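Chemist: Before anything else, here's the structure in question.
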Amino acid sequence: MNNIGVFLQNLAAALNGTVSDNDVVEGNFQGRDFTIEYFGPLASVAYVLSEAGSPPPELEVGISCENYTSLVSDEYFSVRREILFDKIEEPLFLEKKIKTGDAEFDKKYYILTKNEQASGSFFSSPIHRTEVSRIFEIFEKYSINRMNFQPDFISVILQFLREKPLDEITPEVVKSVLSELLKLSWVSDKKDSSVN
5 MNNIGVFLQN LAAALNGTVS DNDVVEGNFQ GRDFTIEYFG PLASVAYVLS
55 EAGSPPPELE VGISCENYTS LVSDEYFSVR REILFDKIEE PLFLEKKIKT
105 GDAEFDKKYY ILTKNEQASG SFFSSPIHRT EVSRIFEIFE KYSINRMNFQ
155 PDFISVILQF LREKPLDEIT PEVVKSVLSE LLKLSWVSDK KDSSVN
């Protein structure tokens, strides 16, 4: 078994989950289904790139929010920190970049969507923007790349950069990611806004 396989088996054991045939950790966290999936080369050292110019390996940690689909759009959208390149390039294909009207949030984050109305509705809530910002701040040292929102699933993508070896993503870090995603899935203006 390669290092990635051992890493996934250790995560599954710590989270009382299982590893599927296609190397996805699956389980239940506080009543919600979760998945953890690794994308990248199966190198003995996870953060070594497979080829020059290849994207760094990533770990997607996600949790279901099937009872809270009103919080997310009928279509996928994502948010990531804005970089200099984003200021000069337009999004590709059918995706659009949206602004929330919150100057501070819009300066920091880049939201890509195919459904401006639904994603704009989600991010029009100051509570949602605050929770998303908080997740980025908490996991910044683990190279958080982006958050993905689907009708029944919210996930965080952690990237393994050269200075961030796989060993730093411990089961405790993954549990913390799942806890924060669980909080976000519960937060809305119409529900209890006291979630901390």
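If you count by the working numbering, then the sequence shown holds residues 5 to 200, one letter each, in order. For every residue, glycine included, the Cβ atom is placed at its ideal position computed from N, Cα and C. Note that this is a predicted model, so its numbers are computed, not measured.
1) Indicate the three-state DSSP secondary structure (helix, strand or coil) for D25 in the structure shown.
2) In chain order, which alpha helix (DSSP H) runs of at least 4 residues are fully inside the segment 128 to 164?
3) From T117 to L12, what distance separates their C-alpha atoms?
4) Can you give me the start and stop residues for the alpha helix (DSSP H) that L116 sits inside?
5) With burial defined as no fewer than 16 other Cβ atoms inside 10 Å of the residue's Cβ, what is the status of G44: buried or exposed?
6) From A18, F143, S128 and V178, pick the residue whose C-alpha is nearest to that of R84; which is it?
7) Would you please state the rounded distance, in angstroms, between the beta carbons of F81 and L182? I believe it to be under 8 Å.
8) When we look at the beta-carbon of E141 and count the other beta-carbons within 10 Å, is it buried (16 or more) or exposed?
9) Give me the residue from V177, Y42, L186 and V10 with the minimum Cα distance to Y146.
Modeler: This is what the structure gives:
1) Numbered from 1 along the sequence shown, position 21 holds the residue referred to as residue 25. Three-state DSSP puts D25 in coil, outside helix and strand.
2) Here the runs fully enclosed are 130 to 142.
3) Working through the sequence shown from its first residue, we reach residue 117 at position 113. Working through the sequence shown from its first residue, we reach residue 12 at position 8. When rounded, the distance between both Cα atoms is 31 Å.
4) On the sequence shown, position 112 is the one that residue 116 refers to. Element bounds for L116: not the alpha helix (DSSP H) but the beta strand (DSSP E), Y113 to T117.
5) In the sequence shown, counting from the first residue as 1, residue 44 sits at position 40. Buried.
6) Counting from 1 along the sequence shown, the entry for residue 84 is found at position 80. Comparing Cα-Cα distances from R84 to each of A18, F143, S128 and V178, the minimum goes to F143.
7) Stepping through the sequence shown from its first residue, residue 81 is reached at position 77. Stepping through the sequence shown from its first residue, residue 182 is reached at position 178. Not a contact, Cβ separation roughly 21 Å.
8) Stepping through the sequence shown from its first residue, residue 141 is reached at position 137. It counts as exposed.
9) In the sequence shown, counting from the first residue as 1, residue 146 sits at position 142. Of the listed residues, the one whose Cα sits closest to Y146 is V177.
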